[in-house]
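Please read the structure below before turning to the comments.
Numbering (the UniProt record's numbering), first residue to last: 1 to 671.
Laid out in structure tokens, this is it:
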């Protein structure tokens, strides 16, 4: 399409040049025809004036003196000096004096003298009229000469315009060369080059518009020339009439013809120069069009090469992405298999634990039965002894009864000892298996929390994690009181990362509200089993380990809703952050900034002040200031700050607007 447009432009330029040359030739022919008509009319008037009287010869001599003024250096006409008019007056005076002398010498009558005086006065009046007419003719000739000078100036202006256009074309050639060099050197800037090409096309269109405008100006100038030619014709007709009246001579006409011929030769030479320059410009335009076509072809080939290279690189990148996806899929499948294996191990351990608990209950029941039997045997023994004392039986029967009772008691004791031994073995086995289960559980929870949950997850992984968390959190809530201090830390890490991921799912969070509340109560008011041998005052939120205490505070802030409990937790958290650098790093690691952000609102001023104090402390000069600023630069934090500030300045404005529009307006205002 671009090549077709260039070809069309070249044809249009050539057609315009031909039209302009045709118009110039027509104007030349018209000027030549008018000059020939003028020469013929002037020659006829000169022949007619040759037969006139002596008075007309005097007039023609004066007219020749006026018209024979020399040509100036700039192509103009010098003005006649005032001495010419004085000489003409002197001639008139001399003629009048001669006539007076003749009248005095010829006769002495008054009548003849009066006639001569009247004749001389008429002669003077005619001479004055002739001088005025000659002055008018001179002014007309000056106007014509000035018109010719103006025409020469216009031709010069056209020549300067053509030179300017040549310079523009030369500049354009240089720009095209520079663009070709840039296209060969810079392959990565294709977009900017396309914009430059579009801009150049706009410049070409603008230049075409300028050329059209210039053509219109040329047409207007041609119309002006036509009107001036008509005026010249009218003036020539007037001059013919005046020459017919006055009757000038051939010498004046020949001089005028020479001047006009010289001017015509000069104008024709200049027009030939203009036409030659137009031909040169047309040739240069053709060369520029050819260069533009070559540049377009080079650009097209370059674009095709780049497209092929981009397609090849895209294929390579897609292949690498496919391989990476396959590798990640294999890793995910392996991890899923490992999780399934761990889940199966956990289920088997739980089943064995339940079986052992059942066996323990059965042993307890047997022990209770044997204890009841022993108590019954003792009662029976005492009753028999009482009966024996009362009845006064013989010693043999008494001994036999005692022996029987002792045998029964010994048998019962043996049964009790055996049952105690079996119960002890079972309890030892269950305690050992429970310790192994807790060790495995702690290792699995630590591995999940530190290796997987702290990493960014995909939406599919997020949904699967939420489903798994909804199943594991109730069991974890029941296991927390029975965990030892060694297994508390991985469980809390797993719990905090699960809560961080669940916080985005409000539906799942509402379904687990009771479980989360139970977890928060367990951490805030710890209850410990008797066999652990630990104090409740040193667990979870009251632990001496800063890591366990920090995680417990963050979990309580996300699970409980009682204001007094939360206030105490905030105080404990602020003290830890203020005293320990490690606590500040852990606070940012486990996303404590997002954890306390929901409490920064005007509904509860106590918790809001604690939250603001923690933010101010973290944003001060400390080792974690840069990390804190990175965490605080979110849209949620800005919207919370805006709502807090707006709530303090306009406390009742929230009644008139919806929450979503307020958030957008506040965020835009802060930004």
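A virtual CB, placed ideally from N, CA and C, is assigned to each residue, including glycine.
It should be emphasised that the depicted structure is a prediction, and the values quoted were computed from it without experimental measurement.
Through-space distance from residue 520 to residue 492, alpha-carbon basis: Locating residue 492 in the chain shown gives position 492, where the first residue counts as 1. Locating residue 520 in the chain shown gives position 520, where the first residue counts as 1. Cα to Cα, residue 492 sits roughly 11 Å from residue 520.
If we ignore side chains and look at the alpha-carbon of each, how far apart do residue 216 and residue 209 end up? Here residue 216 refers to the residue found at position 216 when the chain shown is read from its first residue. Here residue 209 refers to the residue found at position 209 when the chain shown is read from its first residue. In a straight line, the C-alpha of residue 216 is about 10 Å away from that of residue 209.
Relative to the C-alpha of residue 516, which residue among 546, 483, 174, 557 is closest? To locate residue 516, count along the chain shown from 1; it is residue 516. Per the Cα distances, 557.
I'd like the list of long-range same chain contacts for residue 505, defined as Cβ closer than 8 Å, with 5 residues on each side in sequence excluded. By 1-based counting over the chain shown, the position of residue 505 is 505. Closer than 8 Å at the Cβ level, and outside the excluded window around residue 505, lie 466.
Residue 679 versus residue 369: straight-line alpha-carbon distance, rounded: Coverage of the chain is limited to positions 1 through 671, which leaves residue 679 absent and any answer about it impossible.
To the nearest angstrom, how far is the alpha carbon of residue 323 from that of residue 330? Position 323 of the chain shown, counted from the first residue, corresponds to residue 323. Position 330 of the chain shown, counted from the first residue, corresponds to residue 330. Computed Cα separation, rounded: 11 Å.
May I ask you to report which of helix, strand or coil DSSP gives residue 524? Working through the chain shown from its first residue, we reach residue 524 at position 524. Residue state, collapsed to three classes: helix.
Where does the unbroken alpha helix (DSSP H) through residue 585 begin, and where does it stop? Here residue 585 refers to the residue found at position 585 when the chain shown is read from its first residue. Start and end: 581-589.
Taking a contact to mean a Cβ-Cβ separation below 8 Å, would you say residue 554 touches residue 560 in this structure? Numbered from its first residue, the chain shown carries residue 554 at position 554. Numbered from its first residue, the chain shown carries residue 560 at position 560. It is not a contact, given that the beta carbons lie outside the stated cut-off.
Do residue 291 and residue 173 have their C-beta atoms closer together than 8 Å? Sequence index remark: in the chain shown, residue 291 carries index 291 (1-based). Sequence index remark: in the chain shown, residue 173 carries index 173 (1-based). Their beta carbons are under 8 Å apart, which means residue 291 touches residue 173 by this criterion.
Output needed for residue 627: all residues of its chain with C-beta closer than 6 Å, excluding positions within five of it in sequence on either side, in chain order. Position 627 of the chain shown, counted from the start, is the residue given in the question as residue 627. Excluding positions up to five away in sequence, the list reads 588.
Could you compute how far the alpha carbon of residue 629 sits from the alpha carbon of residue 562? By one-based count along the chain shown, residue 629 stands at place 629. By one-based count along the chain shown, residue 562 stands at place 562. Looking at the two C-alpha atoms, the distance is approximately 30 Å.
Do residue 495 and residue 508 have their C-beta atoms within less than 8 Å of each other? Position 495 of the chain shown holds residue 495. Position 508 of the chain shown holds residue 508. Result no, Cβ atoms of residue 495 and residue 508 do not sit closer than 8 Å.
Would you say residue 345 lies against chain C (beta-carbon separation less than 8 Å)? Here chain C cannot be found, since the structure has a single protein chain.
According to DSSP, is residue 189 helix, strand or coil? Sequence index remark: in the chain shown, residue 189 carries index 189 (1-based). In this structure, residue 189 counts as coil in the three-state DSSP scheme.
Can you determine whether any heavy atom of the ligand COA sits closer than 7 Å to the C-beta of residue 322, and answer yes or no? This structure lacks the ligand COA, and indeed carries no ligand of any kind.
Would you tell me roughly how many angstroms separate the C-alpha atoms of residue 183 and residue 170, rounded to the nearest one? Your numbering for residue 183 matches position 183 in the chain shown. Your numbering for residue 170 matches position 170 in the chain shown. C-alpha separation (whole angstroms): 20 Å.
From the DSSP output, in three-state form, read off residue 545 for me. As a first step, residue 545 is located in the chain shown; it is residue number 545 there, counting from the start. Residue state, collapsed to three classes: coil.
With DSSP collapsed to three states, give me the class of residue 206. Position 206 of the chain shown, counting from 1, holds the residue named residue 206. Looking at residue 206 - three-state DSSP - the assignment turns out to be helix.
Please classify residue 135 as buried or exposed, where buried requires at least 16 neighbouring CB atoms within 10 angstroms. In the chain shown, the residue the question calls residue 135 occupies position 135. The residue in question, residue 135, is exposed, as its Cβ has fewer than 16 Cβ neighbours within 10 Å.
What residue from 132, 336, 227, 281 has the CA that sits closest to residue 165's CA? Reading the chain shown from its first residue, position 165 is the one you call residue 165. When each option's Cα is compared against that of residue 165, the closest is 281.
Give me the residue from 639, 614, 569, 643 with the minimum Cα distance to residue 602. Sequence index remark: in the chain shown, residue 602 carries index 602 (1-based). The candidate whose alpha carbon is nearest that of residue 602 is 643.
Looking at C-alpha atoms only, which residue of 362, 468, 185 is the closest neighbour of residue 336? The sequence position of residue 336 within the chain shown is 336, counting from 1. The shortest Cα separation from residue 336 among 362, 468, 185 belongs to 468.
Would you mind reading off the limits of the alpha helix (DSSP H) that contains residue 481? Position 481 of the chain shown, counting from 1, holds the residue named residue 481. Careful: residue 481 lies outside any alpha helix (DSSP H) and carries neither H nor E.
Outcome for residue 325 when other beta-carbon atoms lying within 10 angstroms are tallied against a minimum of 16: As a working note, residue 325 is residue 325 in the chain shown. Flag for residue 325 reads exposed.
According to DSSP, is residue 620 helix, strand or coil? In the chain shown, the residue the question calls residue 620 occupies position 620. Residue 620: coil per DSSP, three-state reduction.
Please state whether DSSP places residue 633 in a helix, a strand or coil. Locating residue 633 in the chain shown gives position 633, where the first residue counts as 1. Coil at residue 633, not helix or strand.
Cβ-based burial, residue 232 [other Cβ within 10 Å; buried from 16]: Residue mapping note: residue 232 aligns to position 232 of the chain shown, counting from 1. It counts as buried.
Report, in whole angstroms, the separation of the C-beta atoms of residue 597 and residue 636, which I expect to be a contact under 8 Å. Within the chain shown, residue 597 is the residue found at index 597, counting from 1. Within the chain shown, residue 636 is the residue found at index 636, counting from 1. Correct: roughly 6 Å between the Cβ atoms.
Would you give the residue range spanned by the alpha helix (DSSP H) that residue 510 belongs to? Translated into positions along the chain shown, residue 510 becomes position 510. Here the alpha helix (DSSP H) through residue 510 covers 506-511.
Measure the C-alpha to C-alpha separation of residue 128 and residue 121 and round it to an integer number of angstroms. Looking up residue 128 in the chain shown gives position 128. Looking up residue 121 in the chain shown gives position 121. Cα to Cα, the separation comes out at about 11 Å.
Do you know offhand how far residue 268's Cα is from residue 150's? Here residue 268 refers to the residue found at position 268 when the chain shown is read from its first residue. Here residue 150 refers to the residue found at position 150 when the chain shown is read from its first residue. Their backbone Cα atoms lie some 16 Å apart in a straight line.
With residue 523 and residue 541 assumed to form a contact (beta carbons below 8 Å), what rounded beta-carbon distance in angstroms separates them? For this step, residue 523 is matched to residue 523 along the chain shown. For this step, residue 541 is matched to residue 541 along the chain shown. With a Cβ gap of about 6 Å, residue 523 and residue 541 count as contacting.
Which of the three DSSP states is assigned to residue 382 in this structure? As a first step, residue 382 is located in the chain shown; it is residue number 382 there, counting from the start. Note: residue 382 maps to helix in three-state DSSP.
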